[in-house]
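Here the structure is laid out as structure tokens; the discussion comes afterwards.
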Amino acid sequence: MAAPEKKEGRVGLLPLEDAVKGEFVVRLPPEPSGFMHIGHAMAGTINAVYRDTYEGKLWLRFEDTNPRKVQKRYYESFRTGYTWMGIKWDYEKNVSSDIDLLYEYVQTLIEAGDGYACSCPADLMKKLRFEGKPCEHRDQGVEKNMSIWDEMLKKKHKEGTYVIRLKGDLASLDYSLRDPNIARIIDYPHPITGDKYVVWPTYDFEVVVEDQVCSVTHILRSSEFHVGLQDMIRKMLGFPVISVKQFSRFNFKGTPVAKRLLRPLVEEKLVSGWDDPRMPTIEGVIRRGISAEALRQFTIQVGYTQSEHTFDWSLLFSVNRKLLDPVTKRFYFVPDPVKLTVEDAPRRDATIPFHPLGKLGERTIATAGQFLVPSSDIGQMKEGQVFRLIELYNVKLVSKGTDGNAMGTYLGDEMVQDTRKLQWVTPDASEGVEVMELSDLFREDGTFNPESLKIRLGVVEKAFGSLGPGEIVQFPRYGFVRLDAPGRCVLGHN
RNA sequence: GCCCCGGUGGUGUAGCCCGGUCAAGCAUGUUACCCUCUCGAGGUAGCGACGCGGGUUCGAAUCCCGCCCGGGGCACCA
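Shown next as structure tokens:
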């Protein structure tokens, strides 16, 4: 009888039923108003993976239509972030470079009687929209609208005085369709275009035009935008329908991505900066020791859905660990060390491979009975107990000692079953190191977790000093760490 | 208040469109054992879920209705 087949889970992202190979265009639409974060990276991965599967093209398009929010350094954050992720985009543009084109579409709508200039105060308009009533400007005529529009472009009106609205559907139960704003005056220098423009298109209008201009065939992005409104605008402009697939935000437990929550942490110096390893920014993720490949594989594994979700970091860590395990060197790190003197110890030069499979080279450590070992191990043992110094020899604990001076006696080289094994360093071939131990930035109740960073002091073997910043190794019996700066590591996970 | 979208174990998902093969798969987590000179990796086994209530049906995680809960939208933000 044949054994029952083992079922497999989903492998890769679900296919897009309406995608055609070779005729597939997607886009990454970041607003350069903050540093790129892990959610951008995951959404970018999804788009890039589909681009590859359907042999299409990928746009990197900066949605920089609010000069008050946009900053130059953030454009670069996304470029370097996507590059780090291994995401290659086929085309790049800034929406701010298409302003004249966008003006033409605004004008077309006004001329067609679909748009009008409105000077109602925001709160009045809000009230009217809520009640479904037209404002006094709605039917003032194309000529009047055109002359105001011209004046707006000629900078004759101040910010906050006039906007261009669409004649939407005042009766719609979807309130966002009730005469939405498509262009407004923002008198503030733009990092790219300077003070050339003061009239700026709003997102929902601009994105519809840009997707058409970029020949986008599929929209795959997180779900904080209104499909209905964009469809309405698309229809008014005579653009074909585009396939939209929305997915909800990628949240990680204890690590929100919202700038509103993160900025105070930076400003109040509760974290070291936007690149603090506890932060969800790409810089933070890198410092945590997560590899781009791990993030990529993780994204494909979890996929995307429309339901709310909060990933446990352990899901990502597991992927990261499996990628790291076969390629990282092992170095002995002793947290909270205590001295151990082994009596009658033979002088021994221990040659130990950097990896259990022996493929990453080896180092030799000279020993003479003096060691540093973890205080927690000594604390947990009883006097008289036998343990083993890994790759070296057995020791019988004679005395735990007071003030961190344990004593032991040499008990042979032969491996003994079921003995505790301790990593060790020698006092004269080791150096101090501090390790940043991380946990959730925010507690369950949404407040900052002051315990989110703990500094563990310890000593690491001399050979570790040959590594450069950015390298990731495993400290056996402790975890995978990334060398952050000389003398400082970040514990990514165990 | 109104509109839209969701609710599968501790966590993330597959299945739902086209009802039976689902006494619900995979991953993560956790427990035990094996392996390993790491508390890592690998192996084996166990644990653990269809939001609630009705209905249709021989049969519902899948279809219908009501309820509850969560998220998003209703900006001169994106």
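So that you can map any letter, position 203 of the first sequence is 191 in the numbering used here, and since no number is skipped, the others follow by simple counting.
Quick reminder that beta carbons are idealized off the backbone N, C-alpha and C, glycines included.
How long is the line joining the alpha carbons of residue i and residue j, rounded to whole angstroms?
i	j	result
Ile288	Glu198	28 Å
Leu165	Ala105	17 Å
Met134	Met140	10 Å
Gly389	Val330	13 Å
Pro362	Asp433	35 Å
Glu255	Arg335	54 Å
Val37	Leu48	14 Å
Lys327	Met395	8 Å
Arg117	Lys257	42 Å
Ser306	Ser427	16 Å
Thr339	Leu208	53 Å
Asn437	Val259	11 Å
Lys458	Val315	Going by the sequence as given, residue 458 is Gly instead of Lys. One C-alpha to the other measures close to 14 Å.
Leu1	Lys132	52 Å
Cys202	Asp127	33 Å
Thr149	Arg284	47 Å
Taking only three categories from DSSP, how would you classify residue i?
i	result
Gly148	coil
Tyr163	helix
Asn308	helix
Tyr292	coil
Leu141	helix
Trp301	helix
Gly216	helix
Thr414	coil
Tyr191	helix
Tyr466	coil
Phe375	strand
Val13	strand
Asn487	Summary: the structure shown does not reach residue 487, with the chain confined to residues -11 through 482, and so no result is reported for it.
Val201	helix
Glu(-7)	Model confidence at Glu(-7) stands at a pLDDT of 45, short of 50, so the residue's coordinates are unreliable and nothing is read from them.
Lys327	strand
Ile180	coil
Ile221	helix
Arg476	strand
Grab the span of the beta strand (DSSP E) containing residue i for me, first residue to last.
i	result
Ile34	Counting along the chain, Ile34 falls outside any beta strand (DSSP E), though it belongs to the alpha helix (DSSP H) covering 26 to 41.
Ser387	382 to 387
Glu449	441 to 449
Val322	321 to 323
Given a cut-off of 7 Å on the beta-carbon distance, is the pair residue i and residue j in contact?
i	j	result
Met369	Leu385	yes
Thr298	Asn239	yes
Ser236	His206	no
Gly156	Asp167	yes
Ile136	Leu154	no
Ser107	Thr181	no
Gly32	Tyr70	yes
Phe375	Thr407	yes
Leu312	Phe468	yes
Ala333	Gly357	yes
To which residues of the same chain is residue i closer than 6 Å at the C-beta, ignoring the five residues directly before and after it?
i	result
Asp78	Lys45, Leu46
Gly74	Ala280
Leu97	Gly103
Pro17	Arg49, Glu51
Looking only at its own chain, which residues have a Cβ that is under 8 Å from the Cβ of residue i, when we skip the five neighbours before and after it?
i	result
Glu422	Ile443, Arg444, Leu445, Gly446, Gly475, Arg476, Cys477
Gln59	Pro20, Ser21, Pro179
Glu425	Leu441, Lys442, Ile443, Arg444, Leu479
Trp412	Tyr320, Val322, Leu328, Phe359, Leu360, Val361, Leu377, Ile378, Leu380
At what residues does the alpha helix (DSSP H) containing residue i begin and finish?
i	result
Trp72	60 to 72
Met369	Element bounds for Met369: n/a, residue is neither H nor E.
Glu92	87 to 99
Ile270	270 to 276
Give me, in chain order, the residues of the same chain whose beta-carbon lies closer than 7 Å to that of residue i; leave out the 5 immediate sequence neighbours on both sides.
i	result
Ile174	Asn54, Pro55, Arg56, Glu147, Val186, Trp188
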